[in-house]
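Here's the structure we're looking at; comments come further down.
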Amino acid sequence: MKLSVRMLAVAAVLATAACAPQTSGNSSSDKDEKTGTLRVWLFQEVNNQPKEQVVDSVLAEFEKEHEGTEVTVEYIPVETRAQRIKAAFNDPSSAPDLIEYGNTDTAGYVKDGGLADVTEDFGAWDEAKDTDPTARQSVTVGGKVYGAPYFVGVRALYYRTDVFEELGLDVPRTQAELISTAKEIRAAKPELYGLAVGGAYTYGAMPFIWAHGGDLATGNGGSYAAAIDSAAARKGIEAYTSLFGDDNCPAAKCAAMTGNDTITAFAAGKAAMAIGGDFSHAAVEAGKVKGAYAVVPLPGLKAGSIAPAFAGGNNLGVLKSTTHRTLAVDLMKRLASKEAQGQLFEAMGFLPTFSDVRQQVAAKEAFVKPFVETLAADTKFVPASPAWAQIDAGAVLPTMFQEVVSGKKDVATASADAAKKMNDAFGSVG
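For what it's worth, the numbering used here labels the leading residue of the sequence shown as 1305, then goes sequentially.
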């Protein structure tokens, strides 16, 4: 069968998002067609071609084994996923059958009624038994499974070995040294960002907040209260936002930068350091700094410590509204299989969710070591609440950072306002 892979224009995505209706209850389809077109939405990466090659290989085999079936794939921007996917939940006729989604979105998408319960399918999958517990938890809500883990991701510190050698600098051992080193580099080389940071880069900022003892929220069991305005969290916010300025990363340019933007700057040779994930490896390798960089865990407050990192990663889920459930579940397993995850690691640097496969790749590739060390140190997660999708889509934390770096609000006011928005969101879901 002919394989059709279509790239979405950003403008089209934004137009769709702008008119997206509010999500309502989504009923499952009573159809389970064994032929026809299967629609898949996956995330667009900084350097997407290697990912496409892995996916295309899986799809070619899938179509070969399912005669009369065609798969179309759209690669959508991560930043606009919330509006696009919620609109799909509300309009089954135009929705995909299978989606890639961030592990922070699981609870919200389940509450919206958009994801199919695949507990039995996952349990019957031979490879599922080797999924690491954290990854398994990321697809589980209320004891039921709503997808298959696709990859795990944590962030660490990328730095330019050539720049550090030229300036006679040591690799930062603490966050204070990280900040001072970034500014020292900027002073010596004003054409570079010392450390590329982004006002819209929530998960690059969180290690600063967590390292200072702060947190996003407190609570459990679905009941949370914002903690972003605590004294400890404010210290972390102050540390991160101190990196926005002419002495490191000018606010006029960096306030709107996302995580992808910071990696793009580093890969292009415009920054001496960046906080990037294992999933950023392919983009950096394809850039101008290939052969002139290294990666270490992001330092904490004390020398030798590792800052807590966000336990990120993506999952694959079947939409409840699909009219091709059996085919969609089969494709989900194939895309998330050990073989495919191994290929994704080779192509993109994505860490596998299977413990045995991750051990194998770590033994083969040195670049994995700092990320595995970070995973073993102290990772954290966002509140396991459906409200998080609302908080994320509303850019509550990026707005807070941007208000501070622009000088519109001080840390105390901006964090208090962010906490109020978060509590409103937590309250809206019960």
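A virtual CB, placed ideally from N, CA and C, is assigned to each residue, including glycine. This one's a predicted model, so the numbers in the text were calculated from it and none came from an experiment.
Per DSSP, cross-strand counterpart(s) of proline 1603: For the purposes of this step, residue 1603 is taken as the residue at position 299 of the sequence shown. Bridge partners of proline 1603: Ile1610.
message: Tell me which residues share the same chain as threonine 1506 and place their Cβ nearer than 7 Å to its Cβ, disregarding the 5 neighbours each side in the sequence.
response: In the sequence shown, the residue the question calls residue 1506 occupies position 202. Taken in chain order, the residues that qualify are Leu1701, Pro1702.
query: Taking buried to mean at least 16 other C-beta atoms within 10 Å of its own C-beta, is glycine 1563 buried or exposed?
result: Taking the sequence shown and counting its residues from 1, the one referred to as residue 1563 is at position 259. Per the 10 Å Cβ criterion, buried.
message: Mapping the DSSP letters down to three states, classify proline 1396 as helix, strand or coil.
response: Within the sequence shown, the letter at position 92 stands for residue 1396. Residue state, collapsed to three classes: helix.
Cβ neighbours of glutamine 1645 in the same chain (closer than 8 Å, five flanking residues each side left out): Translated into the one-based positions of the sequence shown, residue 1645 becomes position 341. The answer, listed in chain order, is Tyr1454, Phe1455, Phe1654, Pro1656, Thr1657, Phe1658, Val1661.
Beta-carbon spacing of alanine 1529, phenylalanine 1730 below 9 Å: Position 225 of the sequence shown holds residue 1529. Position 426 of the sequence shown holds residue 1730. For the 9 Å CB-CB criterion, alanine 1529 and phenylalanine 1730 form a contact.
task: Note down the Cα distance separating alanine 1697 from aspartate 1728, rounded to an integer number of angstroms.
output: Taking the sequence shown and counting its residues from 1, the one referred to as residue 1697 is at position 393. Taking the sequence shown and counting its residues from 1, the one referred to as residue 1728 is at position 424. For alanine 1697 and aspartate 1728, the distance between alpha carbons rounds to 14 Å.
- request: Could you tell me which uninterrupted beta strand (DSSP E) segments, each at least 3 residues in length, are contained entirely in the region 1413-1480, listed from first to last along the chain?
  value: 1452-1457, 1459-1464, all fully within the region 1413-1480.
message: So, at 6 Å on beta carbons, what are the nonlocal neighbours of leucine 1471 in its own chain, with the 5 sequence-adjacent residues on each side left out?
response: Your numbering for residue 1471 matches position 167 in the sequence shown. These residues qualify, in order along the chain: Ala1492.
- prompt: Should the region 1449-1468 be regarded as contacting the region 1577-1587, the criterion being three or more beta carbon pairs within less than 8 Å?
  reply: yes
message: Assess contact between the region 1384-1404 and the region 1348-1360, defined as three or more Cβ pairs (one per stretch) separated by less than 8 Å. Is contact present?
response: Proximity of the region 1384-1404 to the region 1348-1360 falls short of the contact definition, fewer than three beta-carbon pairs being nearer than 8 Å.
Cut-off 6 Å between Cβ atoms - residues of its own chain near alanine 1718, not counting five sequence neighbours on either side: Translated into the one-based positions of the sequence shown, residue 1718 becomes position 414. Same-chain partners within the cutoff: Met1704, Glu1707, Val1708.
field: Cβ-Cβ distance between glycine 1549 and histidine 1516 below 9 Å
entry: Reading the sequence shown from its first residue, position 245 is the one you call residue 1549. Reading the sequence shown from its first residue, position 212 is the one you call residue 1516. No, these two residues do not count as a Cβ contact at 9 Å.
query: Hey, is alanine 1460's beta-carbon within less than 9 Å of any beta-carbon in chain C?
result: The chain inventory of the structure shown lacks chain C, comprising one protein chain alone.
- request: Leaving out five residues on either side along the sequence, give the residues of the same chain with a beta carbon under 6 Å from the beta carbon of tyrosine 1497.
  value: Taking the first residue of the sequence shown as 1, we reach residue 1497 at position 193. Excluding positions up to five away in sequence, the list reads Cys1553, Ala1575.
- prompt: With a Cβ-Cβ cutoff of 9 Å, do proline 1601 and alanine 1681 count as a contact?
  reply: Position 297 of the sequence shown, counted from the first residue, corresponds to residue 1601. Position 377 of the sequence shown, counted from the first residue, corresponds to residue 1681. The answer is yes: Cβ separation under 9 Å.
- request: Kindly confirm or deny that the region 1369-1383 and the region 1581-1596 touch, where touching means at least three C-beta pairs closer than 8 Å.
  value: no
- prompt: Looking at the structure shown, is lysine 1684 part of a helix, part of a strand, or coil, going by DSSP?
  reply: Here residue 1684 corresponds to residue number 380 of the sequence shown, with the count starting at 1. Of the three classes helix, strand and coil, the one that applies to lysine 1684 here is strand, per DSSP.
query: Grouping DSSP H, G and I as helix and E and B as strand, with all else coil, what is glycine 1616?
result: Taking the sequence shown and counting its residues from 1, one reaches residue 1616 at position 312. Residue state, collapsed to three classes: strand.
query: Would you say the region 1340-1348 touches the region 1607-1617, given that touching needs at least three Cβ pairs under 8 Å?
result: no
- prompt: Can you check whether the CB of serine 1534 is closer than 9 Å to the CB of aspartate 1519?
  reply: On the sequence shown, position 215 is the one that residue 1519 refers to. On the sequence shown, position 230 is the one that residue 1534 refers to. Taking 9 Å as the Cβ cut-off, aspartate 1519 and serine 1534 qualify as a contacting pair.
message: Which same chain residues end up closer than 7 Å to valine 1686 when comparing Cβ atoms and leaving out the 5 residues on each side of it in sequence?
response: Here residue 1686 corresponds to residue number 382 of the sequence shown, with the count starting at 1. Result list for valine 1686: Thr1408, Leu1520, Trp1692, in chain order.
query: Can you give the Cα-Cα distance for glycine 1573 and glycine 1457, rounded to whole angstroms?
result: As a position in the sequence shown, residue 1573 is number 269, starting the count at 1. As a position in the sequence shown, residue 1457 is number 153, starting the count at 1. Going from the Cα of glycine 1573 to the Cα of glycine 1457 covers about 23 Å.
message: Suppose contacts are defined by Cβ-Cβ distances below 9 Å. Is aspartate 1466 in contact with histidine 1628 by that definition?
response: As a working mapping, residue 1466 is identified with position 162 in the sequence shown. As a working mapping, residue 1628 is identified with position 324 in the sequence shown. Remark: C-beta atoms of aspartate 1466 and histidine 1628 do not approach each other more closely than 9 Å.
- prompt: Should asparagine 1524 be labelled buried (16 or more other beta-carbon atoms within 10 Å of its own) or exposed?
  reply: Residue 1524 sits at position 220 when you count from the first residue of the sequence shown. Under this definition asparagine 1524 is an exposed residue.
- request: Would you tell me roughly how many angstroms separate the C-alpha atoms of lysine 1448 and glycine 1406, rounded to the nearest one?
  value: What you label residue 1448 is simply residue 144 of the sequence shown in a count that begins at 1. What you label residue 1406 is simply residue 102 of the sequence shown in a count that begins at 1. Cα-Cα distance, rounded: 17 Å.
- prompt: What are the residues that DSSP puts in a beta bridge with cysteine 1553?
  reply: On the sequence shown, position 249 is the one that residue 1553 refers to. DSSP lists Phe1548 as partners of cysteine 1553.
message: Quick check on this structure: which residue in Ile1513, Ser1641, Lys1637, Glu1365 has the alpha carbon closest to the alpha carbon of lysine 1684?
response: Numbered from its first residue, the sequence shown carries residue 1684 at position 380. For lysine 1684, the nearest C-alpha among the options comes from Ile1513.
- request: Measure how close the beta-carbons of proline 1603 and threonine 1478 come, nearest whole angstrom, since I'm counting them as under 8 Å.
  value: Your numbering for residue 1603 matches position 299 in the sequence shown. Your numbering for residue 1478 matches position 174 in the sequence shown. Right, the Cβ-Cβ distance comes to about 5 Å (below 8 Å), so this counts as a contact.
task: May I ask you to report which of helix, strand or coil DSSP gives glutamate 1371?
output: Taking the sequence shown and counting its residues from 1, one reaches residue 1371 at position 67. In this structure, glutamate 1371 counts as coil in the three-state DSSP scheme.
- prompt: From which residue to which residue does the alpha helix (DSSP H) around leucine 1648 run?
  reply: As a working mapping, residue 1648 is identified with position 344 in the sequence shown. Run containing leucine 1648: 1642-1652, per the alpha helix (DSSP H) assignment.
query: Which residues does DSSP pair with serine 1527 in a beta bridge?
result: Indexing the sequence shown from 1 puts residue 1527 at position 223. Answer is Asn1524.
- request: Look up tyrosine 1505 in the DSSP assignment and say whether it is helix, strand or coil.
  value: As a position in the sequence shown, residue 1505 is number 201, starting the count at 1. Here tyrosine 1505 sits in coil by DSSP.
- request: For the alpha helix (DSSP H) holding threonine 1339, just list the boundary residues, first then last.
  value: The residue given as residue 1339 occupies position 35 in the sequence shown. Unbroken run through threonine 1339: none, as it is neither H nor E.
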